[in-house]
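Which chain is which? The protein sequence lines are A and B, in order. For what it's worth, the numbering used here labels the leading residue of the first sequence as 3, then goes sequentially. For what it's worth, the numbering used here labels the leading residue of the second sequence as 3, then goes sequentially. Built from N, CA and C at the ideal position, the CB exists for glycine as well. Reading through the structure tokens given below for one structure.
Protein chains: 2
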Amino acid sequence: MIPPTGTTATRTRAKRGDGDKLREVILDAAEHLLLETGSQEAVSIRAIADRCEVTAPAIYLHFADKEALFLEVCSRRFRELDSWIEAASRKATDPLDELRIRGAAYVSFGLEHPEAYRLLMMGRREGRIDDPGMEAGRDSFLHMVESVDRCVKTGALGGADPYQASLVLWSGIHGITSLMISFPNFEWGERDQLVEHMLDVLIEGVLST
Amino acid sequence: MIPPTGTTATRTRAKRGDGDKLREVILDAAEHLLLETGSQEAVSIRAIADRCEVTAPAIYLHFADKEALFLEVCSRRFRELDSWIEAASRKATDPLDELRIRGAAYVSFGLEHPEAYRLLMMGRREGRIDDPGMEAGRDSFLHMVESVDRCVKTGALGGADPYQASLVLWSGIHGITSLMISFPNFEWGERDQLVEHMLDVLIEGVLST
DNA sequence: ACCGTTAACCTAACGGTGCTAACCTCCTCA
DNA sequence: TGAGGAGGTTAGCACCGTTAGGTTAACGGT
């Protein structure tokens, strides 16, 4: 928990049409504090405001409430996850290799940004309808479906249903990622080896069903 | 969020050696409120105290802090999960059937007690060492290893390493459970069918690796 | 050059939170 | 018949998310 300093805000007020500049600054501050403290609840509105050199209520000029703020941070991070995976997948030699690389990249993203991953995948979305993070996440999932689809088209995954197979693959990969985040002290053995084993099992399993 | 009533405590004070009775009452109240509100943060110490007809500081006579309280609720629930699975597994006809039943029971427990599952598996254990919930969870996991072991011994799972296979099976089953909890509005299709498919993939995958 | 409008903030405050220090009260045992 | 400790209480701290309402400064119009 980062206590507020109590010092008065010193940020020079934005010009007339530049209100959105603070908005970006707030999002950056929130994201940094999230990664520093390790949890959404531990990042207070006041701490974010402090870092932006602004008073707490100023946040509410740009975001409806705390959840909306973090939902937007979430959305940003989702896009980052997606491009992280897309970047890794470009090194693939064939569709099946690409699928494995995507899976491994997914896990490494989660374990290297555990708090972001928590926010994205393990958080509580409450009753929020207009969920931008969810939309970006769906895009990312659809990229995976396409990747599976390419495998099916080349026969690398047999005659599996791409959507169904994607659900299973995502679940499996997410499962290992989230458990390693939740229970870091569990005896997982060597991480990369476990991930590879998981990918083996999932792909072989999809192939033979 | 359940607001405190502000009414004075009316609970008749426990007798000399019966301090632990309130402890149990507190745990029950916390568990109920957790299931009602849907999240640990939404259950305040004051709300728990209110329900027990006791003032808030009385809680701290029995628990070090809020986290310790919910950690104990967690531990209770873990044992419940374990016995839930054990009970279901008794209907099994053979080791492999038992493994499938255990998996399906695991998922159904999670989806029927989502908030408890969240607390158990998707929560943040902070830096807590003496984690009783973790201990009970480990026991439950070991029961699964034993079940896998029986499959291996009868040849139903080939020559797989029971521990490694259990890690993969647990991850897969947890993955599907936690994702369905986190994203209930996602297009999962028919739940039981997806779970069965997941079990097919995992078991076939373990068999052929 | 002045004026009204308004975007972009601020101050003060409300009710809630986890948690602690200090007090009280009643039961038990010597 | 007291002493003492178990099992509470009252009062209060520092912080939380959030809101109502005031302040300041940049703009367009005249």
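Specify the secondary structure class of residue 172 of chain A as computed by DSSP and reduced to three states.
-> helix
Within chain A, partners of residue 110 of chain B - CB distance below 8 Å | Near residue 110 of chain B there are no residues of chain A at all, since even the closest Cβ is about 16 Å away, more than 8 Å.
Is it right to say residue 141 of chain B is buried, meaning 16 or more other beta carbons lie within 10 angstroms of its own, or is it exposed?
-> exposed
Chain B contact for residue 228 of chain A (CB, 8 Å cutoff) = Within the shown structure, residues of chain A are numbered from 3 to 211, placing residue 228 of chain A beyond reach of any answer.
Cut-off 7 Å between Cβ atoms - residues of its own chain near residue 174 of chain A, not counting five sequence neighbours on either side = 200 and 204
Looking at the structure shown, is residue 34 of chain B part of a helix, part of a strand, or coil, going by DSSP?
-> Reduced to three states, the DSSP call for residue 34 of chain B is helix.
Since residue 170 of chain A meets chain B, which of its residues come closer than 7 Å, beta carbon to beta carbon?
-> Neighbours of residue 170 of chain A in chain B, taken as residues whose beta carbon is under 7 Å from its own, are 199, 200 and 203 in chain order.
Are the region 153–167 of chain B and the region 82–93 of chain B touching, with three or more C-beta to C-beta distances below 8 Å?
-> no
Residue 9 of chain B CB to nearest chain A CB: under 8 Å?
-> Because residue 9 of chain B sits at a pLDDT of 46, beneath the cut-off of 50, its placement in the model cannot be relied upon, and the point is left open.
Decide if residue 117 of chain B is buried, meaning its Cβ has at least 16 other Cβ atoms within 10 Å, or exposed.
-> buried
Neighbour flag for residue 178 of chain A against chain B, beta carbons, 8 Å | yes
Run the CB neighbour count on residue 179 of chain B, radius 10 Å, all protein chains shown included, and call it buried at 16 or more, exposed below.
-> buried
Please classify residue 92 of chain A: does DSSP put it in a helix, a strand, or coil?
-> coil
Using a beta-carbon distance below 8 Å, is residue 43 of chain B in contact with chain A?
-> Contact of residue 43 of chain B with chain A is assigned, a C-beta pair being separated by under 8 Å.
Just the C-alpha distance for residue 126 of chain B and residue 110 of chain B, rounded to the nearest angstrom, thanks.
-> 22 Å
Helix, strand or coil: how does DSSP classify residue 85 of chain B here?
-> helix
Determine, using beta carbons only, whether residue 190 of chain A comes closer than 8 Å to chain B.
-> yes
Cβ pair count under 8 Å reaching 3, the region 30–42 of chain A against the region 61–75 of chain A | yes
Start and end of the alpha helix (DSSP H) containing residue 59 of chain A?
-> From DSSP, residue 59 of chain A is part of no alpha helix (DSSP H); its letter is neither H nor E.
Looking at the unbroken alpha helix (DSSP H) that takes in residue 118 of chain A, where does it start and where does it end?
-> DSSP places residue 118 of chain A in the uninterrupted alpha helix (DSSP H) bounded by 116–119.
Is residue 104 of chain A helix, strand or coil by DSSP?
-> helix
Following the continuous alpha helix (DSSP H) through residue 195 of chain A, name the residue where it begins and the one where it ends.
-> 193–209
To the nearest angstrom, report how far apart residue 120 of chain B and residue 120 of chain A are at their CA atoms.
-> Roughly 12 Å separates the two Cα atoms.
Give a yes or no on whether the minimum CB-CB distance between residue 181 of chain A and chain B is below 8 Å.
-> yes
Run the CB neighbour count on residue 41 of chain A, radius 10 Å, all protein chains shown included, and call it buried at 16 or more, exposed below.
-> Its Cβ having fewer than 16 others within 10 Å, residue 41 of chain A is exposed.
Neighbour list for residue 208 of chain B in chain A, Cβ cutoff strictly below 9 Å | By Cβ distance, chain A contributes 203, 206 and 207.
Rounded to whole angstroms, how far is the Cβ of residue 16 of chain B from the Cβ of residue 80 of chain B, which I believe are closer than 8 Å?
-> No, residue 16 of chain B and residue 80 of chain B are not in contact; Cβ-Cβ is about 27 Å, not under 8 Å.
List the endpoints of the continuous alpha helix (DSSP H) containing residue 52 of chain B.
-> 47–53
Just mark residue 51 of chain A as buried or exposed, buried being the case when its beta carbon has 16 or more other beta carbons within 10 Å.
-> With 16 or more Cβ atoms within 10 Å of its Cβ, residue 51 of chain A is classed as buried.
With a threshold of 16 other CB atoms inside 10 Å of the CB of residue 71 of chain B, please say whether the residue is buried or exposed.
-> Flag for residue 71 of chain B reads buried.
Using DSSP with H/G/I as helix, E/B as strand and the rest coil, what is residue 159 of chain B?
-> Reduced to three states, the DSSP call for residue 159 of chain B is coil.
Three-state secondary structure assigned by DSSP to residue 12 of chain B | coil
Contact the region 156–175 of chain B vs the region 92–107 of chain A: 3+ CB pairs below 8 Å = no
Could you name the residues of chain B that residue 123 of chain A contacts, counting a contact when the two beta carbons are closer than 7 Å?
-> 184
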